[in-house]
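Heads up: the structure comes next, in structure tokens.
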Amino acid sequence: FSVENIRNFSIIAHVDHGKSTLADRLLELTGTIDKTKNNKQVLDKLQVERERGITVKAQTASLFYNWEGKQYLLNLIDTPGHVDFSYEVSRSLSACQGVLLVVDANEGIQAQTVANFFLAFEAQLSVIPVINKIDLKNADPERVEKQIEKVFDIPSDECIKISAKLGTNVERVLQAVIERIPPPKVHRKNPLRALVFDSTFDQYRGVIANVALFDGVVSKGDKIVSAHTKKIHEVNEVGVLNPNEQPAHKLYAGQVGYLIAGMKDVTEAQIGDTLYLHKQPVEPLPGFKSAKPMVFAGMYPIDQSEYNNLKSAIEKLTINDSSVTVHRDSSLALGAGWRLGFLGLLHMEVFNQRLEQEYNASVILTTPTVPYKAVLSSAKLIKARRAVQKNMIFIDQNRVMLKYLFPLNEIVVDFYDSLKSLSSGYASFDYEDAGYQTAELVKMDILLNGNIVEELITIVHKDKAHSVGKAICERLKDSLPRQLFEIAIQAAIGSKIIARETVKAYRKNVLAKCYGGDITRKMKLLKRQAEGKKKLRKVGNIEVPRDAFIKVLKTQ
Ligand code: GTP
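Take any residue in the sequence shown, note its place counting from 1, add 62, and you have its number in the UniProt record's numbering.
And the structure:
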């Protein structure tokens with residue numbers, strides 16, 4: 063293929079606007095997949111993706127299309143649509159020159175339409191607006207055209223109105239890709255320069271790197287070097303994705319495909335890395351911002367004997383998803399485990415689900431927390447409000463875009479669900495990191511008979527300390543078995559107790575065997591019982607079953 067006949071593009075959209083359905087139609091139209099088969103979301107390969115109906119991992123497919131007497135190679139890079147995965151979107155975009163911006167003809171512009179548009183705009187890509195679902199009864203494509211013109215400054219006559227479901231006008235989309243997206247700017251005669259924009263791990267073949275070639279050629283047997291690690295690898299296989307891997311002799315600049323070179327772990331094929339030929343070093347391509355975890359949670363094997371299995375499962379999954387950060391951690395109650403960082407809550411759930419489905423692992427996941435920076439000075443005294451409005455833009459008479467500055471902690475757990483139910487599903491939401499802000503946070507301890515339980519220490523906002531502390535105490539009360547002595551469960555900030563629950567003692571009837579009225583003996587026994595209780599209390603020797611911790615620490 064001459065470079066002139068190559069196009070590299072992505073589809074970006076708000077969740078559920080029909081990106082995967084459009085991708086399926088494009089694959090069918092170009093004969094990449096058979097029309098007769100059940101082609102529901104072919105690019106959504108993972109079981110979680112099919113179950114949840116969301117794209118998690120970006121997938122790539124090379125399409126061949128004949129138009130006006132020429133054959134074109136169109137490389138489609140699928141992107142996820144959920145807020146948590148915008149990092150994957152920017153990764154995919156780095157290998158493209160243009161995007162299809164899919165907008166639902168009924169819902170119009172939504173939060174991730176805006177966020178994704180700006181990712182493409184910043185990467186200086188050509189944007190083709192595609193208004194989808196025109197077959198719907200409530201579709202109003204003209205209104206959406208006006209929104210697109212107003213918010214993105216794209217003339218309304220550039221919008222292509224389609225029904226991905228029925229296939230209406232989808233051919234126009236392929237033609238627009240050829241007409242409006244420029245071919246990649248590459249030099250085949252220069253030495254190899256390939257960008258790793260994704261990588262997956264295969265048990266038998268090792269790391270499979272998805273690459274976009276900007277310069278040169280690569281073939282089997284070549285010795286390549288990673289600009290990041292400087293390690294040398296021999297190429298075992300190259301090929302294209304159709305969307306399954308199809309080996310080829312060579313990959314040329316302008317092409318997107320995969321490469322296997324005996325790389326055994328994630329650090330050897332980092333996303334954003336540049337590969338070049340041994341002894342022919344090149345200037346690395348600009349990488350991209352590495353993903354910043356926003357939500358942290360502890361992960362422990364349910365059974366400690368499963369530690370090693372879980373460890374290897376986590377390692378394998380993080381090769382596929384390098385946006386997860388992993389640190390070893392241990393907890394008195396839960397044993398050895400890890401502290402994992404995720405891009406968001408859904409990302410965390412998906413990771414957990416993949417561990418269970420693909421690696422058969424059963425884990426305890428603790429309640430997620432967000433990163434804080436503690437400054438030990440009077441600056442915390444500054445009164446910070448929890449949410450600050452930044453601006454407000456009317457998209458049209460019915461829709462308004464609001465920007466707020468929010469503490470991450472407030473949106474991480476159930477904000478999205480509450481927003482959806484408050485607005486009867488009409489509001490949509492996206493976020494980006496706005497840096498650290500000062501806030502009145504306090505460290506809250508949970509005490510059992512006066513002893514701090516280390517694994518339950520939490521950081522909370524001052525105003526919420528009481529309700530959070532109360533909730534933890536209640537949960538702990540429900541899950542702690544009664545013991546021979548009374549247990550006081552307290553939430554405290556410093557020396558101030560803010561919540562308390564009590565687990566009553568079992569009163570073992572020490573007098574049951576005591577016949578008659580021997581008062582001395584009675585007193586002696588009662589004293590011994592009281593001492594026993596005291597002794598246990600003093601050392602804080604409360605048997606807290608692991609289960610109780612699990613119940614308190616677990617999400618849900
Ligand atoms: P994510 O992968 O989660 O980002 O979603 P997506 O944008 O890929 O959306 P998907 O293709 O899964 O479509 C979402 C829903 O809209 C599905 O139920 C589709 O069947 C439906 N849908 C997609 N295109 C059309 C269309 O043209 N008309 C109608 N009526 N429904 C459509």
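Don't be surprised by glycine CBs; every beta carbon is placed ideally from N, CA and C.
Same chain, Cβ closer than 8 Å to residue i, neighbours up to 5 away in sequence not counted
i	result
Tyr-568	Arg-544, Gln-545 and Leu-546
Leu-417	Leu-372, Ala-375, Ile-376, Leu-379, Ala-423 and Val-425
Thr-92	Leu-125, Phe-126, Tyr-127, Leu-136 and Leu-236
Phe-413	Leu-379, Asp-383, Val-386, Leu-402 and Phe-404
Ile-519	Lys-505, Met-506, Asp-507 and Ile-508
Lys-539	Ile-551, Glu-563, Thr-564 and Val-565
Bridge partner(s) assigned by DSSP for residue i
i	result
Ala-123	Leu-138
Gly-229	Its beta-bridge partners do not exist; DSSP assigns none.
Ala-201	Its beta-bridge partners do not exist; DSSP assigns none.
Lys-312	Ser-281
Ala-238	The partner list for Ala-238 (beta bridge, DSSP) is empty, contrary to what the question assumes.
Lys-132	Trp-129
His-523	Leu-503
Gly-319	Val-273
Contact set for residue i: own chain, Cβ-Cβ below 6 Å, skip 5 residues either direction
i	result
Asn-231	Ile-224
Asn-200	Asn-168
Gly-160	Phe-71, Leu-187, Ser-188 and Ile-243
Ile-294	Lys-285, Val-287 and His-340
Val-522	Met-506 and Val-530
Tyr-421	Ala-375
Gly-301	Glu-307, Gln-308, Pro-309, Ala-310, Gly-319 and Tyr-320
Start and end residues, beta strand (DSSP E) containing residue i
i	result
Glu-299	299 to 303
Ala-75	68 to 75
Lys-505	503 to 510
His-295	294 to 296
Ile-560	558 to 565
Ala-554	549 to 555
Ala-256	255 to 264
Phe-358	357 to 363
His-389	387 to 393
Val-402	In the sequence under discussion, the amino acid at residue 402 is Leu, which differs from the Val named in the question. Where Leu-402 is concerned, the enclosing beta strand (DSSP E) stretches over 397 to 404.
Lys-166	Per the sequence shown, residue 166 should be read as Asp rather than Lys. 160 to 166 is the span of the beta strand (DSSP E), which, as asked, contains Asp-166.
Continuous alpha helix (DSSP H) stretch holding residue i: start and end
i	result
Lys-529	What sits at residue 529 in the sequence shown is Ser, not Lys. Here the alpha helix (DSSP H) through Ser-529 covers 527 to 541.
Lys-81	81 to 91
Ala-177	173 to 184
Arg-416	407 to 421
Rounded C-alpha distance that separates residue i from residue j
i	j	result
Ala-167	Ala-238	19 Å
His-528	Lys-558	11 Å
Ala-123	Ala-289	26 Å
Lys-326	Thr-291	13 Å
Asn-252	His-340	14 Å
Val-318	Ile-68	10 Å
Gln-332	Phe-259	8 Å
residue 22	Gly-397	Missing from the structure shown is residue 22; the chain here goes from 63 to 618 and no further.
Ile-190	Gly-324	39 Å
Lys-442	Met-356	22 Å
Ala-310	Leu-303	10 Å
Leu-84	Val-565	58 Å
Leu-427	Ile-222	45 Å
Ala-561	Ala-75	46 Å
Lys-526	Glu-516	20 Å
Lys-285	Lys-81	38 Å
Ile-243	Leu-408	33 Å
Gly-316	Pro-246	6 Å
Lys-212	Ile-193	15 Å
Glu-130	Val-297	37 Å
Thr-429	Gly-360	8 Å
Asp-219	Glu-241	15 Å
Pro-217	Ile-210	8 Å
Asp-202	Arg-87	22 Å
Cys-158	Val-248	12 Å
Pro-305	Ala-533	49 Å
Lys-597	Asn-513	Low per-residue confidence applies at Lys-597: pLDDT is 33, beneath 50, and the placement is therefore not dependable enough to give any value.
Nonlocal neighbours in the same chain, by C-beta distance under 7 Å from residue i, ignoring five residues either side
i	result
Tyr-314	Arg-250, Leu-275 and Val-279
Arg-255	Phe-276, Asp-277, Gly-278, Thr-336, Tyr-338, Val-344 and Leu-347
Tyr-369	Pro-363 and Ala-398
Lys-132	Asn-67
Phe-179	Leu-163, Val-189 and Phe-214
Ser-64	none
Glu-299	Lys-282, Pro-309 and Ile-322
Val-388	Ile-376, Thr-380, Trp-400 and Leu-402
Contact with chain D by residue i, beta-carbon distance below 8 Å
i	result
Met-356	The question asks about chain D, but that chain is absent: this structure has only one protein chain.
Say whether the region 548 to 555 touches the region 503 to 515, bearing in mind that this needs 3 or more beta-carbon pairs closer than 8 Å, one atom from each stretch. yes
Legend entry - Cβ pair count under 8 Å reaching 3, the region 177 to 187 against the region 197 to 206: no
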